[in-house]
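*Asks:*
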Amino acid sequence: MTNDSSSRITARLRDVISLAAPGSKLPSTRSLVTEFQASPVTVQKALQTLTAQGLIESRPGVGTFVRAVRSARPSDYGWQTAALRSPLAPLPAPSTTMRDVPNNTIAFHSGYPDRELLPERLVRAALTRAARGDAALSRPPAAGLPELQSWFAHELGATTPAGTTPPNPSDVVVLPGSQSGLSSIFRALAGRGQPLLMESPTYWGAILAAAQAGVRVVPIPSGPDGPDPAELARAFDESGARLFYAQPNYANPTGAQWAPGRGEEVLEVVRGKGAFLVEDDWAHDFGITSSPVPVASRDDTGHVVYLRSLTKSVSPAIRIAAVIARGPARERILADRAAESMYVSGLLQAAALDVVTQPGWQTHLRGLRHQLQSRRDLLVTSIREHAPQAHIEQVPKGGLNLWARLPDRTDLERLARDCADAGVIIAGGREWFPAEPAGTFIRLNYSGPNPGAFAQGARIIGQALDAS
Numbered sequence: 255m256t257n258d259s260s261s262r263i264t265a266r267l268r269d270v271i272s273l274a275a276p277g278s279k280l281p282s283t284r285s286l287v288t289e290f291q292a293s294p295v296t297v298q299k300a301l302q303t304l305t306a307q308g309l310i311e312s313r314p315g316v317g318t319f320v321r322a323v324r325s326a327r328p329s330d331y332g333w334q335t336a337a338l339r340s341p342l343a344p345l346p347a348p349s350t351t352m353r354d355v356p357n358n359t360i361a362f363h364s365g366y367p368d369r370e371l372l373p374e375r376l377v378r379a380a381l382t383r384a385a386r387g388d389a390a391l392s393r394p395p396a397a398g399l400p401e402l403q404s405w406f407a408h409e410l411g412a413t414t415p416a417g418t419t420p421p422n423p424s425d426v427v428v429l430p431g432s433q434s435g436l437s438s439i440f441r442a443l444a445g446r447g448q449p450l451l452m453e454s455p456t457y458w459g460a461i462l463a464a465a466q467a468g469v470r471v472v473p474i475p476s477g478p479d480g481p482d483p484a485e486l487a488r489a490f491d492e493s494g495a496r497l498f499y500a501q502p503n504y505a506n507p508t509g510a511q512w513a514p515g516r517g518e519e520v521l522e523v524v525r526g527k528g529a530f531l532v533e534d535d536w537a538h539d540f541g542i543t544s545s546p547v548p549v550a551s552r553d554d555t556g557h558v559v560y561l562r563s564l565t566k567s568v569s570p571a572i573r574i575a576a577v578i579a580r581g582p583a584r585e586r587i588l589a590d591r592a593a594e595s596m597y598v599s600g601l602l603q604a605a606a607l608d609v610v611t612q613p614g615w616q617t618h619l620r621g622l623r624h625q626l627q628s629r630r631d632l633l634v635t636s637i638r639e640h641a642p643q644a645h646i647e648q649v650p651k652g653g654l655n656l657w658a659r660l661p662d663r664t665d666l667e668r669l670a671r672d673c674a675d676a677g678v679i680i681a682g683g684r685e686w687f688p689a690e691p692a693g694t695f696i697r698l699n700y701s702g703p704n705p706g707a708f709a710q711g712a713r714i715i716g717q718a719l720d721a722s
């Protein structure tokens with residue numbers, strides 16, 4: 255018999271089932287073979303189809319029965335509203351950057367590099383070796399594997415100028431990704447209800463972490479050259495804050511890198527106020543036409559709390575980062591991390607360490623620099639040609655993103671919807687501002703998949719802007 259015969263049997267049995275009471279027993283397979291003059295295989299295909307559709311169920315050794323269909327009723331979770339009460343701080347909605355999209359779309363929204371930009375061969379080999387080692391079965395120290403602590407300390411120490419004491423491995427706390435590190439830092443060093451100075455615009459995840467920690471965010475305007483030191487000093491004085499979160503190198507979302515000397519000026523302000531600079535060096539491995547020099551490399555007095563992540567440059571599946579802090583600040587952060595997760599997977603730590611200590615890692619980073627430059631330049635050219643209404647104020651020297659300002663009249667929600675309907679996903683700039691946005695912006699990731707479609711994506715953005 256053919257598949258068409260199986261379909262006819264399925265249809266006829268479906269009619270029988272529709273008239274039968276739930277729990278009724280169907281004839282045996284042998285009886286159905288005789289009734290329909292079909293092969294056992296054809297009958298079984300029909301029964302499998304009905305089972306997959308939830309119309310019948312097979313009970314081994316007993317028979318096949320019409321399944322009892324329960325009518326769905328709305329779930330009532332209203333009691334939870336009273337139990338949970340109002341949140342202490344409203345949390346931002348999930349970021350557009352975390353949205354999953356079909357493969358046939360042009361994705362400018364994601365915050366992660368495309369798979370072809372990752373050291374896939376190194377990652378797979380490292381995971382295999384880690385799974386065979388002791389890390390697969392043992393509990394690592396709370397602060398992290400000593401060898402990985404040493405690597406992070408050495409990385410920062412390599413940029414430390416003469417006369418400044420480099421960090422010790424014992425200053426390092428390994429994290430399960432930088433997002434959890436931000437939450438711990440804000441909780442441990444600021445505390446609920448306390449002020450936190452934050453560049454604006456800034457990383458949406460830092461805004462989320464601040465909301466979860468219950469701190470009061472004070473935005474500090476930051477342009478292509480970084481924040482104004484005088485404005486920063488005034489904000490410290492007026493707010494009473496003792497913590498300033500910033501991204502000096504290749505900021506997300508703008509791609510800005512602080513002007514030469516700005517780090518020293520900010521550090522002087524922070525020291526003068528007896529405060530901390532939380533330096534998020536998330537894009538350390540993504541330099542294109544410049545190399546990042548962390549502000550933390552010029553501080554040995556404990557005023558800079560330094561955050562470095564490997565998640566985006568190694569693999570999103572290996573969520574490993576580290577915070578480098580000195581003195582009591584480090585102990586408070588470690589205590590918060592212990593309460594949150596106790597320790598970070600030794601398997602992932604071992605794999606991350608394996609990747610970054612292979613000779614192929616530096617080779618990969620050199621190639622990555624050229625790949626990012628090609629993608630960045632292609633997207634810049636495409637936007638300027640096909641969507642000139644999206645003004646790119648600064649071509650970033652590193653990072654993963656372009657930041658473009660749109661005409662003030664632009665309806666950003668409509669633009670994003672129109673682009674999505676045409677197969678292009680963009681991220682509106684509103685979520686990168688801790689307070690009211692300073693204008694209408696979009697962030698475009700040039701490290702995403704299919705760079706060959708950048709021109710078409712830019713053309714669609716331009717057409718949507720014309721129609722808005």
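Quick note: the sequence shown uses the numbering used here, first residue 255, plus one each step.
Glycine included, each C-beta is placed from N, C-alpha and C at the ideal position.
Considering only DSSP beta bridges, list what D553 is partnered with.
*Replies:* Bridge partners of D553: none, in fact.
*Asks:* Measure the alpha-carbon distance for I578 versus V426 and round it to whole angstroms.
*Replies:* Roughly 5 angstroms separates the two Cα atoms.
*Asks:* Going along the chain, which residues of its own chain have a beta-carbon closer than 7 angstroms to the beta-carbon of S724, five neighbours each way excluded?
*Replies:* Past the boundaries of the shown model lies residue 724; the chain is included only from 255 to 722, so the question cannot be answered.
*Asks:* Along the chain, where does the alpha helix (DSSP H) that runs through V377 open and close?
*Replies:* Unbroken alpha helix (DSSP H) run through V377: 374–386.
*Asks:* In the DSSP output, what is F319 paired with across the bridge?
*Replies:* Beta-bridge pairing links F319 to K279, E311.
*Asks:* Looking only at its own chain, which residues have a Cβ that is under 7 angstroms from the Cβ of Y366, when we skip the five neighbours before and after it?
*Replies:* Correct list, in chain order: K566, P570.
*Asks:* Would Q501 be called buried (16 or more neighbouring beta carbons within 10 Å of its own) or exposed?
*Replies:* It is buried - the Cβ of Q501 has at least 16 other Cβ atoms within 10 Å.
*Asks:* According to DSSP, is I542 part of a helix, a strand, or is it coil?
*Replies:* It is coil, neither helix nor strand.
*Asks:* Going by DSSP, what residue range makes up the alpha helix (DSSP H) through L561?
*Replies:* Here L561 belongs to no alpha helix (DSSP H); instead the beta strand (DSSP E) covers 558–563.
*Asks:* Rank Q448, V469, S278, R268 by C-alpha distance to the C-alpha of P344 and give the top, closest one.
*Replies:* Nearest option by C-alpha distance: V469.
*Asks:* Are the CB atoms of A658 and A676 within a distance shorter than 8 angstroms?
*Replies:* In this structure, A658 does not lie closer than 8 angstroms to A676 by Cβ.
*Asks:* Can at least three beta-carbon pairs, one atom from the stretch 460–479 and one from the stretch 678–690, be found at a separation below 8 angstroms?
*Replies:* Yes, the stretch 460–479 touches the stretch 678–690.
*Asks:* Below 8 angstroms between beta carbons: does that hold for A465 and P346?
*Replies:* Cβ distance < 8 angstroms, so A465 and P346 count as in contact.
*Asks:* Sort out for me which residues DSSP pairs G652 with in a bridge.
*Replies:* G541.
*Asks:* Just to confirm my understanding: we take V355, look at its own chain, exclude 5 residues before and 5 after, and list those with CB closer than 7 angstroms. What are they?
*Replies:* Closer than 7 angstroms at the Cβ level, and outside the excluded window around V355, lie A361, I679.
*Asks:* Keeping to the same chain, check which residues put their C-beta closer than 6 angstroms to that of M255; ignore five residues upstream and five downstream.
*Replies:* In this prediction, M255 has a pLDDT of 44, which is less than 50 and means its spatial position is unreliable; nothing more can be read from the coordinates.
*Asks:* Which runs of the alpha helix (DSSP H) at least 4 residues long sit entirely within the stretch 502–541? Give them in chain order.
*Replies:* Runs found: 516–526.
*Asks:* Just the C-alpha distance for P276 and V316, rounded to the nearest angstrom, thanks.
*Replies:* Rounded to the nearest angstrom, the two C-alpha atoms are 16 angstroms apart.
*Asks:* Taking A500 as part of the beta strand (DSSP E), name the residues at either end of that continuous run.
*Replies:* Here the beta strand (DSSP E) through A500 covers 497–500.
*Asks:* Count the other CB atoms within 10 Å of the CB of T335; is the residue buried (16 or more) or exposed (fewer)?
*Replies:* It counts as exposed.
*Asks:* How many angstroms separate the CA atom of P420 from the CA atom of G581?
*Replies:* Each residue's Cα considered, the two are about 14 angstroms apart.
*Asks:* In the structure shown, what three-state DSSP assignment does E208 receive?
*Replies:* With the chain covering only 255 through 722, there is no way to say anything about residue 208.
*Asks:* Express the C-alpha separation of P341 and G431 in angstroms, rounding to a whole number.
*Replies:* The alpha-carbon atoms of G431 and P341 are separated by roughly 25 angstroms.
*Asks:* In the stretch 619–679, which residue ranges form an unbroken alpha helix (DSSP H) of at least 4 residues, counting only runs that do not cross its ends?
*Replies:* Whole alpha helix (DSSP H) segments, 4+ residues: 666–675.
*Asks:* Identify the continuous alpha helix (DSSP H) that holds P582 and give its terminal residues.
*Replies:* Per DSSP, P582 belongs to the alpha helix (DSSP H) from 582–595.
*Asks:* For P705, count neighbouring C-beta atoms within 10 Å of its own C-beta (all shown protein chains included) and say buried if the count is 16 or more, exposed if not.
*Replies:* Per the 10 Å Cβ criterion, buried.
*Asks:* For the candidate residues A397, Y331, P373, whose alpha-carbon lies nearest to that of A592?
*Replies:* Comparing Cα positions, the closest option is A397.
*Asks:* To the nearest angstrom, how far is the alpha carbon of C673 from that of S454?
*Replies:* C673 and S454: Cα-Cα distance of roughly 26 angstroms.
*Asks:* So what does DSSP say about L719, is it helix, strand or coil?
*Replies:* L719 falls in the helix class under three-state DSSP.
*Asks:* In whole angstroms, what separates the C-alpha of R383 from that of R525?
*Replies:* Going by the C-alpha atoms only, they are around 44 angstroms apart.
*Asks:* In this structure, how does DSSP classify A336 when only helix, strand and coil are distinguished?
*Replies:* The answer is helix: DSSP assigns A336 an H, G or I state.
*Asks:* So, with DSSP's three-state summary, where would you put S567?
*Replies:* Three-state DSSP puts S567 in a helix.
*Asks:* What residues in its chain sit with their C-beta under 7 angstroms from that of P423, if we drop five residues either side in the sequence?
*Replies:* Closer than 7 angstroms at Cβ, skipping near neighbours: P400, Q403, S404, A407.
*Asks:* Round the Cβ separation of P546 and G652 to the nearest angstrom and send it over; I've been treating them as touching at under 8 angstroms.
*Replies:* Indeed they touch by this definition, with Cβ atoms about 7 angstroms apart.
*Asks:* Tell me the residue span of the alpha helix (DSSP H) that contains A484.
*Replies:* From DSSP, the alpha helix (DSSP H) with A484 extends over 483–493.
*Asks:* Under the three-state reduction of DSSP, which class applies to L698: helix, strand or coil?
*Replies:* It is a strand residue.
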